[in-house]
Amino acid sequence: MSKTLSQNTAGPINTFLIVQVIISILFIAFLTWRLYTVIDSGAYGPDTWLRFAISGLIIGSVYSVIAIGYTLVYGILFMINFAHGEVMMLGAFAGYFVFEALKSIPVEATGLSFLDSYQIVSVILAFLAGMFISAVVGYFLERIAYRPLRGAPRLIPLISAIGASIFLQNAAQVTFGPKRRTYINPASLQRSVGWRIPVAGEEVILTYTGVLTFVLSILLMVTLYILVMRTRYGRSMRAVAEDKQTAALMGINVDRVISNTFVISGVMGGAAGVMWGIHNGIIYHYVGFIPGLKAFTAAVLGGIGNIPGAMIGGMILGVVESLGPAALGIDFQLKDVIAFSILVLVLIFRPSGIIGEVLSEEKV
Amino acid sequence: MSILETRDLTKRFGGLSAVNRVNVAIPEGAIYSIIGPNGAGKTTLFNCITGFYPPEEGEVLFMGKNLTGLSPDRITQRGISRTYQNIRLFPAMTALENILVGAHPRLRSNFADAILRTPRQRAEEKTALEKAMKLLEFVGLKGKGDLLARNLPYGEQRRLEMARALANEPKIILLDEPTAGMNPNESRTMMRFIENLREELGITILLIEHDMKVVMGISEFIYVLDFGQLIAQGSPEEIQRNPQVIESYLGRGAA
Amino acid sequence: GGGAKAPDVCAENPDETVCAVIEPGKTVKIGYGGPMAGDYSAFGIDISNAGLLAVEDANKAGGVEGFDFELLVEDTQGSGEGGASVANLFVSDPDVVAIAGLTFSGATAAAIPIFNAARLPMLSPSATRADLTGGDQDVFNRIPFTDDIQGQFAAEYLFNVLGVKKLAVMHDGDAYGKGVAEKVQEVFTSLGGDVVAVEAVTPGETDYSAVLTDIGAAKPEAIYYGGYYPEAAVIAKDMPVAGLEGVILFSDDGTFGDTFIELAGENAEGVYAASGAPVSSPRVEEFNTYFESVYGDPPGAVSTFTWHGYDVTDALIQAIKSVAILGEDGNLYIPREALVQAVDNMEGYEGLTGMLSCNAGECNASGPSFLVVKDGAWVLP
Amino acid sequence: MRDQLKASARSGLIFGVVIIFLMLFGLTKTLSDILGELFNLQSITRTGNSGGLMLLFALLAWWAGSRAAKEDKENWKAVLRNGAVSGLVIGSITALFTFLVGSLDGADIEMRTYLAQLDRPSVQFLLYGRSIIAGALMTFFIFLIFNLVGALASYILETRHAGGYLQKKYLQIKDRISGTSIVVRYKEHPQSKWIGYGILLAGTLLMPQFLGKYWNYAMGTVGIYVIMGLGLNIVVGLAGLLDLGYVAFFAIGAYTVGLLTAPAPIPIQWSFWPVLVISILLAAFAGILLGIPVLRMRGDYLAIVTLGFGEIIRVLIRSDMMSPYLGGPQGVRDIGGPSLFGISLSNERAYLYLIILGILLAILLTNFLQKSRVGRAWMAMREDETVAQAMGINTLYYKLMAFATGAAFAGFGGVLFAARNQYTGPADHTLMVSINVLSLLIVGGMGSIPGVMIGAFVLKGLPEVLRELDIYRLLVFGALLVIMMIIRPEGIWPAPRRRMELHESGLEEIPPDESLIGEEG
Amino acid sequence: MAMLEVKDIHTYYGNIHALKGISLTVEENEIVTLIGGNGAGKTTTLRTISGLIHPRSGEVFFEGEKITETPAHELVYKGITMVPEGRGIFARLTVFENLDMGAYSQPDRSNFNDDLERVFQLFPRLKERRSQVAGTLSGGEQQMLATARALMARPRLMLMDEPSMGLAPILVESVFETIVEINKSGTTILLVEQNAMVALSVADRGYVLQTGEIVLRDTAENLRQNEMVQKAYLGIE
Ligand SMILES: Nc1ncnc2c1ncn2[C@@H]1O[C@H](COP(=O)(O)OP(=O)(O)OP(=O)(O)O)[C@@H](O)[C@H]1O
Ligand SMILES: Nc1ncnc2c1ncn2[C@@H]1O[C@H](COP(=O)(O)OP(=O)(O)OP(=O)(O)O)[C@@H](O)[C@H]1O
Ligand SMILES: [Mg+2]
Ligand SMILES: [Mg+2]
């Protein structure tokens, strides 16, 4: 059982470790010092901090949902599904088309479009379409680009995934055109409209789209967690993750489980895509790439291969990205630097991520 | 004087004391065995000696010097080699390359030598290769040097693993179940081979085994571990008669 | 005019590097390089689409001496490497006589030395980095106003006309946006204004609420954003949430265009932008209609440089016509040096984007006009 | 028989869907134009070569038909039946699609708002410029008829043993060639491989003389990626450390040469050669520096952290904070090039020679390292880190060495790259560089030097070759990457050792191998 | 009709010809053992029967039904389970979860508790450790778990690959006692063993494999007396 997850936990002390620790301590000292100066300077009022937190949590929740897509596939095949960001992008487009179509259907009774007349139904339809399309894409992705490579060395499906990612991105570009599109939301989900919370004499807006995104992500993740941890189906997934041959000997159809994993991860990706569209409003063929990369980082941060890890990793990444630069008094341009530094720092101390299982090295 | 000695060696995993205040002492040139039920801590003891696990308490002495806390590579350089319960060769390297890796601590050429192909490096490579060939022959794998380790049959992999360990020119070699998965005939061949190691190369041997024919056949002295603790030690005859050992390990049928 | 001596030059130097020789049946090629795939492909595709129309128009009108024009469109991916690669591709083709590009300053910077060595005149629709013109080369020209000019005008407008005293400056970290933004910052400060925050965003993202929140804490009266419309739209969308309700968003000509309004929706109201787009005229209207009928989107919708794309190609075609000589052997001769000079000294060319005259590489020094979004359309304030 | 029909229908379905996607991508037009030009077919509509389109569809149908015929090769009735089923399925799907598109278009719905390729002319084109019904019917019958033709043709070829005959002929010819004296002598005398190398080398050295400016430049890019590929081969292929942030060292090389030879942003203008050495050393040093925090990470954790490093470097280069020192988004211009005895070497050809020299050096080094104690230590580490340490190998030291060596190669590549373009900027140092280098390793065949070269050509040269395809360039490239992995997972020219392994075991039958690059972990 | 019938199977790993025409039968309620040296093809035979790999030629019948190409996961539902070589426990799942996986193929969950009781009776040690993570069990315990898990699928034919490997002598005894017990309760067993002596003492019949071929077939008693077997596999000279 030499999974990549296994880490040499109890190793001998050596000079390099000491160097690492020193670097880390210096880094933490630097962080603390910056944080102190920023807070001390009083540049930000409580309303600002709250805004940072809100924005971080919302984007974090989307990262989490995407990250789960990575984690599921990784957990079962030990492969980075590089094209997952594109799966998400296609889901976002599907949702977009649903909204567009519904907007063009007039409803006699109300004099408004279907989209504005039946808003809840419309949103549900958009999510269903996004999840469905992404699930289909995920399914075929596995069938075409990954299944023939089952059992090949791990880098090979990785390259195949990169190829698939390039393909899907460009396919979307040529079919949908290169321009960016605005998600036309139903009336009550207008962006920048929401509850206004008075904080320290200022009004902080908590947008409906943001709340929808956040609540929906949590709901999706909890459902999925229950599915994986509590049901027979989830157990079969975990068994396949551990050992495919033995799983087959238990009567589990390994191929089907893997296909289903891609479908589920596609569903999550599609949902994330539609959320992204509804909350952020702008989509184009490249829209999946950066969130995909971030979400994968989040999955690793939390401990790849496990669902709560992806959730926590996503949230932390979102919050660090939104709060970090301000809290440390660093340019926002450098937020990725902060995010990755935190990742390195975490991995130095917890080599399997924040709540990744600390597996012992195979018994020597 | 004993070549290898542990003093109150203790290794814990969480609440479990896998090795608990174990004292063993192996004289130079001897063949000693460790037996004990599954999960008794035998392999863990090896791991502590070879530096894979830092022990919580106690120390390991090798030729009178303290090894505790050194990293595995340093310990190997001092002259301790080992094999693994489930063979761990470098599967995609050839048999010869496996042995040459084993000789790593005995070679001196460094990075600069490699880049510049200094005469010193070339000479050293040549002698190393000759020695590796000899070892290959010694373990009966002559002519199979260019095969990938993973393509060798099981028994030959075991022997290759030993050759790799021997390339380090060790003073003592620790063997973890060298006859596991072999039938009685094959085990006997392995026994002869181990005896040869000592006769021809003068290497001290410490051995973990579940096959009583092997253990009783070649060891001069046996330690018995159970639940991390030494419960008995003595000559094969003594051990075979020890009621505690029979109770927890041998079973009545074996007596 | 200047082409009178050309046959002699070409007769003396039958070398293709001095005179392009187009055999009958072949086309006179103009090169265009821009990002055709990937993140910024909208620019390359849109600009080259406009250029293709210019070529089509020219060919309908009989080409040059019966020879057809052709626009070669190549992908630079917007990077320096791509720019150099495409430049080498073009200079390897003896039938390429001029370059309607490139798009993006980085790619252009890498391509200029190559074109300079090969004596291929360039007329860029969109490479606006100030330092591209000048240096020891004379092939590079462009029709958009430079970043410096735009920055100067914008800062003055903000301070003098809009009466802004506390300004936050943002940009997208790319050469263009950053160049303009820095100029704005410099001029605004020198005018006596107060720049309360400077931040850059990562382009391509669709959520900037955090960085805007940070800016909001500095309580600016206006935000100047240097960059392109996709990010500007995100900024406009995220400003209310970040506590920047009622703050003016002021941007550059990379933002101007209907797509910005489409993307930002009602958040676009009250946003200012500089415009190099043409003032409406019958000719422009005609072009707009035709372009939309061919490509589905109106000009300015996919990128803001559609008209520029048409103009540079057409201006080059005119320049080529002015120097090309039909030889007695039926070949078309185009003296390269004369063409470089012709583009360099272009005077009074009537384009869609206005009257263009080149001076040391700058063909449009008139500066931008500023427009504001009212009721979903760009209008003069 | 039911099974056969089902299989034919399924194959038809797949073909149909793929063809619809081709139409959606607009690739049908590009391909038809290429075909039309190739066969000099008459164009019917203004927007594309309809003759080419028919030919394209006919060819696709032929292919589909011959695939359907494979279901039962013995019986001509079955062959026809299967071909017909497949043809019917493809025909009706595609005809339905064209019909639908045509009707929507006829109903004055602007489809381009959603599907960018379906503008009016392309719809007309898909209907061969005819009415909707006629166009759809034509599509249907082309597929039906040519499916049958394809099926019959493959039946005749196979059963009349024409195929077998051809194959026999091919083998004969192959035998005859390998039987000729030169080849035999070549095989008998292994030292004669040096002659082969000599010829190859001479060819390589002569090549720049015959290539034009553009291809000299393009080959130069390929060459730079060969150097980087060889470097990454040490890190990933030999030492087994999955590094996705390789571009960081490339950037360090490029920027060092930029900053130290260009007039701005730092007013130092040293000459090229000493700066080359400094850059390489600096890159190697950076390799060690970046190596330290990630030493104990394995596998994909290492991958994502190194990827992070690459991004950090790129973000820093772009950032306002560093721009006074690094030039920010504008990059560094007027980078100095090499000169020898007062002669400037700043032209594509001279650079290509310099790059070839670099490659030779890199190959030599790789070879030396691979066959030394160091190389063995790396391999052992890759195979089983724990045991490698138990063999007396100081794995931390060797990991750092691997990072440093790989980084030095990348730094070298970066220097050549920046000096040749006389410019470098943040856009040159994106994640795609790392991905390209890694992909070229895998595509070419990990651990094999010819493989690295072929891989570099495929990854950096193929997109140049694919320029014909306009906006489909990257689309096709992505698809090719996937296809290549599926049909040749071991790479195009794998190291003999890996070829041996992957051919010994049928892929689907061996248990999943969780190691990085093909050797059990 | 024999319960399991294997007819002249040839199995390959890529180009390696691992089984060169193996034929064997197992009758209901028998214990049949395969013995042979390292690499003889014992494991491969079991893997072929259990559907993990498929033979290139030859046929396998289970209760008269042809199962040559049936994938492993479907065979479990037909009543064949395998205790794989090296135990193949799910190291990160708990003992209980492992047993639960064993019952994956059982559509009727109502039997689950009964079955659990039954295997806990057989292996009281597992009951003590039901919530321990399986990867931390000792070798002997892991072997018990693997066997117990296979029993949870209510197999009619159980394939066991070297169940005594790496076990302490005292455990070897108990493993074989268990095997006999399982067999008595109505499960047919095909057993692969290195420990030929013990294997032949519990088995009814046996086959001897050498480099992918069957060289001997006989009753266990006769094989024990066979000179060649004694020499090669029993260590008797
Ligand atoms: N890395 C580890 N983490 C937690 N527990 C461990 C670890 N390694 C060993 N153990 C536990 O320590 C005990 C001793 O294990 P060890 O492998 O030393 O046994 P052993 O005597 O070699 O047994 P066997 O004969 O089965 O090989 C066992 O209970 C085992 O589960
Ligand atoms: N995954 C594999 N890939 C390639 N060859 C294999 C594989 N598994 C087994 N073999 C080969 O097939 C042959 C039969 O192996 P098998 O494992 O069936 O032997 P065995 O009798 O079970 O031996 P052992 O007693 O060692 O378990 C051997 O030559 C072995 O090398
Ligand atoms: Mg052990
Ligand atoms: Mg076996």
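Chains as they are written, first to last, in the numbering used here: chain C, 449 to 812; chain D, 50 to 304; chain W, 214 to 594; chain Y, 29 to 549; chain A, 8 to 244. Beta carbons are placed, not taken as given, at the ideal position from N, Cα and C, and that holds for glycine.
Where does residue i land, buried or exposed, given buried means 16+ other C-beta within 10 angstroms?
i, result
"Phe49 (chain Y)", "exposed"
"Gln128 (chain A)", "exposed"
"Arg231 (chain A)", "buried"
"Met50 (chain D)", "exposed"
"Pro646 (chain C)", "exposed"
"Val241 (chain W)", "buried"
Please name the residue in the options whose C-alpha comes closest to that of residue i.
i, options, result
"Phe463 (chain W)", "W:Gln531, W:Thr472, W:Val454 and W:Ser488", "W:Ser488"
"Ile93 (chain A)", "C:Ser472, C:Gln693 and C:Lys627", "Sequence inspection shows Gly at residue 93 (chain A); the Ile mentioned does not correspond to that position. Among C:Ser472, C:Gln693 and C:Lys627, the Cα nearest to that of Gly93 (chain A) belongs to C:Gln693."
"Asp57 (chain D)", "D:Phe101, D:Arg166, D:Glu105 and D:Tyr81", "D:Glu105"
"Gly40 (chain Y)", "Y:Tyr283, Y:Asn175 and Y:Leu428", "Y:Asn175"
"Ala635 (chain C)", "W:Gly478, W:Tyr370 and W:Asp360", "W:Gly478"
"Thr56 (chain Y)", "Y:Arg516, Y:Val504 and Y:Gly519", "Y:Val504"
"Ala340 (chain W)", "W:Lys242, W:Cys232, W:Tyr523 and W:Thr316", "W:Thr316"
"Phe580 (chain C)", "C:Met537, C:Gly611, C:Leu597 and C:Leu793", "C:Met537"
Apart from the five residues just before and just after residue i, which ones in its own chain have a Cβ nearer than 8 Å to its Cβ?
i, result
"Val812 (chain C)", "Because Val812 (chain C) carries a pLDDT of 30, less than 50, the predicted location of this residue cannot be relied on, and the following value inherits that uncertainty. Same-chain partners within the cutoff: there are none."
"Phe300 (chain Y)", "Val285, Thr289, Gly364, Gly365, Pro366, Ser367 and Ala447"
"Arg74 (chain Y)", "Confidence at Arg74 (chain Y) is low in this model, with a pLDDT of 47, below 50, so its placement is unreliable and the value that follows should be read with caution. Excluding residues within five positions, the ones whose Cβ falls inside 8 Å are Pro149."
Who are the Cβ neighbours of residue i in its own chain at under 6 Å, not counting the five residues just before and after it?
i, result
"Ala368 (chain W)", "Val397, Val400 and Phe401"
Which residues in the same chain as residue i place their Cβ atom closer than 7 Å to its Cβ, once the five residues preceding and following it in sequence are excluded?
i, result
"Leu425 (chain W)", "Ile448, Asp451, Met452, Ala455 and Leu457"
"Thr709 (chain C)", "Leu520, Val521, Ile524 and Met685"
"Leu771 (chain C)", "Phe500, Ala501 and Gly504"
Between residue i and chain D, is there a C-beta pair that is closer than 8 Å?
i, result
"Leu397 (chain Y)", "yes"
"Ile189 (chain A)", "no"
DSSP state of residue i, grouped into three classes?
i, result
"Lys191 (chain A)", "helix"
"Cys97 (chain D)", "helix"
"Arg410 (chain Y)", "helix"
Taking only beta-carbon positions, decide if residue i is within less than 8 Å of chain C.
i, result
"Gly64 (chain Y)", "no"
"Val507 (chain W)", "no"
Under a CB-based cut-off of 8 Å, is residue i close to chain Y?
i, result
"Leu782 (chain C)", "yes"
"Lys391 (chain W)", "yes"
"Met249 (chain W)", "yes"
Give a yes or no on whether 8 Å exceeds the smallest Cβ distance from residue i to chain W.
i, result
"Val79 (chain Y)", "Per the sequence shown, residue 79 (chain Y) should be read as Gly rather than Val. Cβ-Cβ to chain W under 8 Å: no for Gly79 (chain Y)."
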